[in-house]
Each structure stands twice: as C-alpha cells, then as structure tokens.
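Have a look at the structure below before the remarks.
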Amino acid sequence: MRLTILGTGNAMVKECYNTCFALTQDGQHFLVDAGGGNRIMKVLADTNIDAVDIHDIFITHEHIDHLLGCIWMIRVIATKMNQGKYEGDLRIFCHSGLADTIRTIAGLTLQKKMCAHFDERIQFVPLQSGDQAEILGCPVTFFDIFSTKAKQFGFTLRTGDGKKFTCVGDEPYNEKDYEYVKGSDWLTHEAFCLYGEADKFKPYEKHHSTVREACKVAEELKIPNLILYHTEETHLAERKELYIAEGQEYYHGNLYVPYDLETFEI
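This note's numbering numbers the first residue of the sequence shown as 2 and each following residue consecutively.
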C-alpha cells in the first residue's frame, strides 16, 4: 500500500497545502481530509491520483482546512458522474453532525444536478466510535479522538500484509484511544512546531502539540514508524532537518517529516 502526503501544513499556511493524504492500493485511493480549497485538485494531479479512482473519502472534522476541499471533490466527482466518466459510487465517511454540514455547504454552493447524487451514488456514512468498514479491501476502524475543540474522528487500517496504520486526527493522541492505537506499525501525528519555539507559536493554546510531545507519545507506544505533519511553515525549507533533529532526542524509531507530495510504502 502506498501513502501519499498531499499536504502537511496547518490551517494558515500559504507555501504548502493543508494537511491531507491518500492511501492507494490496486489503483484505488482512500482520501483522508481534503484541505481547505480547490488546490486539492492540483495536488491530486501532481501525484497522478485521478478522481475517478477515489471511491472513499474520510473527513476527520469540521474545520475549514480539512473540510472545504471535500466540496470541490464532490463537484469534480459529481461532474464526472454526469458525464458518464465515473464508475460506481462515492462514500463520504464522517460523524453524523458533519454529514449535515457537508450537505448544507454543498447545497448552497453546488448546482442541483451535482447534489442530486446525494443518497444515491454519493453516500454519506455517519460514524460512531468503533464503527468499521472495508476500504481498499482492508478493515478500517474509526474512533472518536475526544477533541476539545470540535468533534473529530481518527481511524486505524490493517493492510493486507498485516501492518496497522493509524491516524489520530490533528490533535494530540488521547490515552482514551489506547485500545485503538496500540500495536500500530505507522502513526501519523500532528506537530504544530518545535518544542523550542512553543513560546512563539503557542501550540498548547490551540490544543496542538510540539515535536517533543508527539515523539514522546510514539516512543511510549513503541510505534516503529512516525510521521509528523500539520505544522507551521516558517521553517519550511529546513523543517525536515530541524524537526527530525529535535524528535530524535525523544523517539528512536523511524521518524519522517514529509514535504507535500512525498510518498511512502507501508
């Protein structure tokens, strides 16, 4: 399975895209969040991911840097449906309240011929913590991350060769989710900034963590592979080196700080 990091930045970035990614297997893609706008179409094109091969989208929560790109994906896919260029259906996974939000925004901003596919070929799948689904032929379990800001879900996916991939959303890992996260081979975790610059960026006020906290979590959970994203961008050119240098003080597994469009085999 291939992981493509489509965006790595927080809500206010300008030089990179908002955090979102895709998992790919056998030519099909599972899109996780979609960023804040129509740049989602460019990053998908840049990574050779065709919308006609996306049949599952998961939106973690309602914040605009994760949500609004989904409206553009609905527009693109519904248009292809109307043109006879999209086979099958699209499933959008999210918590029940968020499904209503997406429907409302789409209804106010998209043409009726696009929204006409809702509940037919575009299906909203409302989630409760612990719900399971099969995506890309793999078992996926969704879970509430107990966000302090807006209701938010993460997920685990078990690959065909038994690897466990876990996304805990864009807030710090919560110990209440230990039963879901334990035993993960890969963990994606937000790291708003370097610990050494916490006074400057004030991540704790935003309910985010620093590189140090994210790495300490992965070390305690014995996660072999950790990906850090959802960061500030003032150090974009040097971010990889700076974050890895700080992170290796607290974490001894494989630490990755990707730039937009990087890919991994998981």
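Glycine included, each C-beta is placed from N, C-alpha and C at the ideal position.
When the Cα atoms are used, I267 and T160 turn out to be separated by approximately 8 angstroms. Between the alpha carbons of H209 and G85 lies a distance of about 43 angstroms. For D66, the enclosing alpha helix (DSSP H) covers residues 65-83. With fewer than 16 other CB atoms across the displayed protein chains lying within 10 angstroms of its CB, R3 is exposed. Under DSSP, the beta-bridge partners assigned to T25 are R3, H30. Here S148 is buried. Its C-beta has 16 or more other C-beta atoms within 10 Å. DSSP links G8 through a beta bridge to C21. Listed in chain order, the beta strand (DSSP E) runs fully inside the region 126-176 are 133-136, 139-145, 154-159, 165-168, counting runs of at least 3 residues. Look at I58 here: in three-state DSSP terms it is strand.
In the three-state reduction of the DSSP assignment, E234 falls in the coil class.
DSSP, read as helix, strand or coil, puts F193 in coil. Taken in chain order, the whole beta strand (DSSP E) runs of length 3 or more contained in the region 90-114 are 91-96. Apart from the 5 residues on each side of it in sequence, K207 sits with its Cβ closer than 7 angstroms to the Cβ of F193 in its chain, given in chain order. For H67, same chain residues with a beta-carbon under 8 angstroms away, outside a window of 5 residues either side, are N19, T20, C21, D34, A35, G36, G37, I60, T61, D171 in chain order. Sequence-distant Cβ neighbours of M82 in its own chain, meaning closer than 7 angstroms and more than five residues away, are H118, R122. Residue state for I228 is assigned as strand, using DSSP reduced to three classes. Here DSSP, grouped into helix, strand and coil, assigns L222 to coil. Spatial neighbours of H30 in its own chain (CB-CB distance under 6 angstroms, excluding positions within 5 residues in sequence) are listed in chain order as A23, I50, D54, I55. Residue state for L262 is assigned as coil, using DSSP reduced to three classes. Bounds of the alpha helix (DSSP H) holding Y179 are 179-182. With 16 or more other Cβ atoms inside 10 Å of its own Cβ, Q153 counts as buried. Between the alpha carbons of L91 and L7 lies a distance of about 20 angstroms.
For I123, the beta-bridge partners assigned by DSSP are L91, F119.
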